[in-house]
Amino acid sequence: MWRKTPLYLKILIGMLIGIGIGILAVSTGTSWFVADYIKPFGIIFLNLLKLVAMPLIFASLVTGVAGLSDVTKLSRIGFKTVSYYLVTTILAITIGLVLVNTIRPGKFFPQEKRAELLSKYAQDIESRKIEAQSIDSDTPLQFLVDIVPDNIVKAASDNTNMLQVIFFAVLFGVAIVLVKNPKVDAVKDFVSGFNEVILKVIDLIMMFAPIGVLALLAGLICDFSGDNASDSLQLFATLGLYALVVIAGLLFVALVIYPLFLRFYAGIHFKDFYRTMFPVQLVAFSTSSSAATLPVNMEQVEKGLGVSNEITSFVLPIGVTINMDGTSLYQAIAAVFIAQVFGIDLTFTQQLTIILTATLASIGSAGVPGAGIVMLIIVLNSVGLPVEGLALILAIDRPLDMLRTVLNVTGDALIATVVAKSERAHDYTPGMIDEA
Ligand code: ASP
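With the first letter of the sequence shown counted as 1, position 219 gets the number 209 in the working numbering; the numbers rise by one all the way through.
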């Protein structure tokens, strides 16, 4: 029976058991057991996902690009992809700003908590500041320089360098199209065969997903509660309104904005879309990493939404690094929330600056846990807000990170369907995920 159970249900069951184990361990004081004997399986799962990310991007992108009949098509797809990504990011930020300015969660924040949190997390903020400083001190065109690797082996050895590997893979693929020599067919066949093998590896890894998410969630609950569960709960209540505003924003984008795009630009029923995306979202939620979720996302978008391999392999890896609707929405809300707690009124121009910098910051954030909060420092700096304000929101950043990652990966898949539809690279029939 287990073999016939759909993947999302298996993952969901794993998650629920993981949460149960986590709560049990915290309440019986056996968190050490989870840390020593359960959490390692979560880390193994995460490593497995990260392990296939680079070979997958390379193989599937080269296969996709090499399959194109002409190179102009590539620039057209690239232009569309980046434009759609920008539109959804800016929409998400605007929604975040409207919500945080209307509900004003910072006004309800107890001032005595402010001082307490500022001193509690002072040290933590320092290390993040240093991380952000190295990014902030770059020249304006540094992001372009960063896309071009000086050594492909070095680039491929670090999962945060996805754009560099994408750059090389596109270049390699374009060269395959341009060389009109039958000898090149062997290269093409090799990479395409390699791609098939990687896809099988992903299938194998996903068999382990239920255990992986079980272990990740049990570990997270123990880490989050630590020894002082009541302290965390109290903080949660204090920051609850801020968290609710972020969650409301994420839900609005997922349930109102995306369905509109699906209806008008993708021709996919939103129920079908979300059914296909559910396992992907569960993995994103458990890992807090869009980069780690990429292999599952690519597989589901192809199998369940009928998007061609050519589009999936191009649009999704790019999305992992440059499109983060959840992160940018969160950054806008967090920046204004911090301003509110410090009693600083932001002008209209400052809010516009937030739209600009949150867009850039989300493009610059890597798809890994906690990247968004480091890049938030750049948003805070741009409007002169105290970076120490991060201390206010740090305590509940992880759960919000899990949720914004879900929106990040969903947004990538959405744009893949939109681009596929406009390119007629779409072979979607309602309910196809059930047959997959
Ligand atoms: N964890 C997020 C992601 O991987 C990035 C962030 O917002 O921290 O998409």
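We put the CB at the ideal spot given by N, CA and C, even for glycine.
As the structure is a prediction and not an experimental result, all values here were calculated from the model.
Three-state secondary structure assigned by DSSP to Val174: helix
Asn398: CB within 7 Å of a non-hydrogen atom of the ligand PLP: Only the ligand ASP can be found as ligands here, which leaves the ligand PLP out of the picture.
Helix, strand or coil: which one does DSSP assign to Val373? coil
Following the continuous alpha helix (DSSP H) through Met152, name the residue where it begins and the one where it ends. 152 to 168
What ranges does the alpha helix (DSSP H) occupy inside the region 26 to 104, keeping only unbroken runs of at least 4 residues that lie completely in it? 29 to 56, 61 to 93
Simplified DSSP state of Val326, which is helix, strand or coil: helix
So, using beta-carbon positions, are Ser303 and Thr53 closer together than 8 Å? yes
Check whether the Cβ atoms of Asn313 and Thr79 sit closer than 8 Å, and answer yes or no. yes
If you draw a straight line from the C-alpha of Ile9 to the C-alpha of Leu206, how long is it? 9 Å
Same chain only: Cβ atoms within 6 Å of Val143, ignoring 5 sequence neighbours per side: none
Going by DSSP, what residue range makes up the alpha helix (DSSP H) through Val409? 387 to 412
Where do the ends of the alpha helix (DSSP H) carrying Leu252 lie? Note, Leu252: premise wrong, no alpha helix (DSSP H); not H, not E.
Cβ of Ser279 versus every heavy atom of the ligand ASP: is any distance shorter than 7 Å? yes
Can you tell me where the alpha helix (DSSP H) with Asn299 in it begins and where it stops? 299 to 312
Does the pairing of the region 61 to 69 with the region 228 to 244 give three or more beta-carbon distances under 8 Å? no
With a threshold of 6 Å on Cβ separation, who are the neighbours of Ile7 within its own chain once the five nearest residues in sequence on each side are excluded? Leu204
Quick check: is any heavy atom of the ligand ASP less than 7 Å from the C-beta of Pro285? no
Which same chain residues end up closer than 7 Å to Gly32 when comparing Cβ atoms and leaving out the 5 residues on each side of it in sequence? Gly202, Ala205, Leu206, Gly209
Should Ala348 be counted as a contact of the ligand ASP given a C-beta to heavy atom distance under 7 Å? no
The alpha helix (DSSP H) that contains Ala415, what's its start and end? No alpha helix (DSSP H) contains Ala415, which DSSP labels as neither H nor E.
Tell me whether Val358, by its Cβ, gets closer than 7 Å to a heavy atom of the ligand ASP. yes
Measure the C-alpha to C-alpha separation of Ser278 and Ala122 and round it to an integer number of angstroms. 20 Å
What separation, rounded to the nearest whole angstrom, lies between the Cα atoms of Pro376 and Gly68? 37 Å
So what's Asp140 in DSSP terms, helix, strand or just coil? coil
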